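One structure below.
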Amino acid sequence: LKDEETRKKYDQFGEKGLEDGFQGGNNYQSWQFYNENFGIYDDDPEIVTLNRADFQRQVSDSNEMWFINFYSTYCSHCHQLAPTWRKFARAMEGAIRIGAVNCAEDPGLCQSQRVHAYPSLVVYPTGEFYSGVRDLELLQEFILQRMTAEILHLGSDNIEALTTEWEPYDSRPWIIDFCDETDSCLSPANRRKLAAMLDGLVNVGNVNCRTNAEHELCEFLDASMGVSYYPARQVQKGYEKKMNSLDPKELVEEVLTYLDAIEEIAEQDLRELLEGGASHPTSVLFVSNKNDLNERKDYKKLPAALPDVKILFADCSKLMDKCREVLDIQKLPQFVTFKTTGGYEIDYGMLTY
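All you need for my numbering is the position in the sequence shown, starting with 1, plus 105.
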């Protein structure tokens, strides 16, 4: 296959492409065609594939922590990294946002981010490039060192102030991790992941019951090992909910069942938003019915993730006419952001929280 055009046909369509009269292969594409012409991570739910508009809205205009893989579908090293990147995304899901940009499709975006070699792994919002070995353990270690979510070390000397006096800690519930001689508690890595997953929503505290200074607190709370949940301002014996897991994702899932649901918008308030706009930045989650909301408890994280935006939900089984005014009800759930200047827009990015 010395002829370049013939070789290109073979690469794209296989032996079928070399047959006389072949007109483009409506029903057949080679593995190489799919390998080079479709995004590597398009079908991975833990990884957000970003185009230029997505990148601007979700990364550049956000203070969230992202780790983004800039790759090209024509790069063999990029394909070799894919299994590790998928494992990394599953391990860090919920703690940070994991993204991917196909530079073969949007070279301008990649150049604007100073990406000139593939794959390039970049942390945002700092823009720091990862330069180490692309190994799962090393990638996790790198990102854990850069997480800024607080882990509060509790003792008899600060427990009252932190839980009842000091803002913003006093208004939030707590997850407290008690460690004893058997280390029946969260690992440092899982503790950091948990803090990141619940950042701004629930305080994550740690008590080392092995030390004399903190043993008194463990006795006061009647706890010496494992993880417990406490409501805001009620970090006292008798108010705890013992949690039976040391896995961050499972702990978050259980914690979300204890938190208040998103507030429902009344028909009159929705009418005012549609007719006059919002007096305060407001996003409304339109759902088919309340059961849809109950199935997605992770939406309870939104008020903490977006403290400057009022988050409400609209039950379209009650407000069908109003819902039809705004969007296609066959595509629920949908977030709609109402602007203080009037008008509104469907916000597809918020569904990825």
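Cβ coordinates follow ideal geometry from the N, Cα and C atoms, glycine included.
What you are looking at is a predicted structure, and each value in this text was computed from that prediction instead of being measured.
Whole-number beta carbon distance between residue j and residue i, since they are thought to touch under 8 Å
i: Glu255; j: Ala300; result: 6 Å
i: Lys427; j: Leu390; result: At roughly 14 Å, the Cβ-Cβ gap does not stay under 8 Å, so Lys427 and Leu390 are not in contact.
i: Arg338; j: Asn308; result: Between Asn308 and Arg338 the Cβ distance is about 11 Å, and since that is not below 8 Å, they are no contact.
i: Ile367; j: Phe418; result: 5 Å
i: Arg239; j: Thr316; result: Not a contact, Cβ separation roughly 39 Å.
i: Glu151; j: Ala194; result: 4 Å
i: Lys347; j: Asp327; result: About 11 Å; that fails the 8 Å criterion.
i: Pro353; j: Asn295; result: 5 Å
Residue i in three-state terms, based on DSSP
i: Glu151; result: coil
i: Ser276; result: helix
i: Lys346; result: strand
i: Gln216; result: helix
i: Ala371; result: coil
i: Ala366; result: coil
i: Asp420; result: strand
i: Gly381; result: helix
i: Cys145; result: The sequence given here has Ile at residue 145, not Cys. Three-state result, Ile145: coil.
i: Lys444; result: coil
i: Val357; result: helix
i: Ile451; result: strand
i: Ser225; result: strand
i: Trp190; result: helix
i: Asp403; result: helix
i: Gln439; result: strand
i: Asp413; result: coil
i: Cys178; result: Checking the displayed sequence, the identity of residue 178 turns out to be Thr instead of Cys. Thr178: coil per DSSP, three-state reduction.
i: Asn132; result: For Asn132, the predicted model reports a pLDDT of 46, less than 50, meaning its position is unreliable and no value from the coordinates is stated.
i: Ala158; result: helix
i: Arg239; result: coil
Length of the line joining the Cα atoms of residue i and residue j
i: Tyr229; j: Met252; result: 11 Å
i: Tyr176; j: Ala205; result: 7 Å
i: Asn313; j: Asp288; result: 10 Å
i: Ile416; j: Asp452; result: 13 Å
i: Ser167; j: Gln161; result: 9 Å
i: Val340; j: Thr268; result: 7 Å
i: Leu432; j: Lys406; result: 24 Å
i: Arg191; j: Leu437; result: 28 Å
i: Lys395; j: Glu372; result: 15 Å
i: Met330; j: Ser261; result: 17 Å
i: Gly448; j: Ile280; result: 40 Å
i: Ala222; j: Ser165; result: 21 Å
i: Lys113; j: Asp159; result: Because Lys113 sits at a pLDDT of 48, beneath the cut-off of 50, its placement in the model cannot be relied upon, and the following sentence gives the value as read from the coordinates. The alpha-carbon atoms of Lys113 and Asp159 are separated by roughly 33 Å.
i: Glu270; j: Leu303; result: 21 Å
i: Arg219; j: Asp147; result: 23 Å
i: Asp210; j: Met425; result: The residue you asked about is not Asp; residue 210 is Glu in the sequence shown. Rounded to whole angstroms, Glu210 to Met425 spans 40 Å at the Cα level.
i: Ser217; j: Val227; result: 13 Å
i: Val392; j: Asp374; result: 17 Å
i: Pro293; j: Pro412; result: 28 Å
i: Glu377; j: Lys423; result: 17 Å
i: Thr154; j: His184; result: 15 Å
i: Cys180; j: Glu169; result: 29 Å
i: Ala266; j: Tyr274; result: 9 Å
i: Glu358; j: Asp149; result: 21 Å
i: Leu243; j: Pro212; result: 28 Å
Chain-order list of residues whose beta-carbon lies under 8 Å from that of residue i (same chain, five-residue window excluded)
i: Ala196; result: Leu241 and Gln245
i: Asp397; result: Leu437 and Pro438
i: His182; result: Tyr223 and Pro224
i: Arg401; result: Pro438
i: Glu450; result: Val441, Thr442 and Lys444
Cutoff 6 Å; reference residue i; Cβ partners in own chain excluding five residues on either side
i: Phe291; result: Before going further, note that residue 291 is Leu rather than Phe in the sequence given. Asp282 and Leu351, listed in sequence order.
i: Arg297; result: Leu249 and Met252
i: Glu345; result: Ser333 and Tyr335
i: Leu186; result: Pro224 and Arg239
i: Pro408; result: Ile416
Contact check, residue i vs residue j, beta carbons under 9 Å
i: Thr178; j: Asn156; result: no
i: Ser388; j: Val414; result: yes
i: Ile203; j: Trp171; result: yes
i: Thr442; j: Gly382; result: no
i: Asp403; j: Leu361; result: yes
i: Gly305; j: Ala200; result: no
i: Glu494; j: Leu259; result: The question about residue 494 has no answer here: the residues shown for the chain are numbered 106 through 458.
i: Asn174; j: Ser236; result: no
i: Ile264; j: Leu214; result: no
i: Val364; j: Asn311; result: The sequence as given places Leu at residue 364; Val does not occur at that position. No.
Sequence-distant residues of the same chain with beta carbon closer than 7 Å to residue i, five excluded per side
i: Glu430; result: Leu379
i: Ile434; result: Cys421 and Cys428
i: Lys444; result: Gly382 and Ala383
i: Asp285; result: Cys314, Arg315, Ser329 and Met330
Residue-chain proximity (residue i, chain B), Cβ-Cβ < 9 Å
i: Gln373; result: In the structure shown, chain B cannot be found, because there is only a single protein chain.
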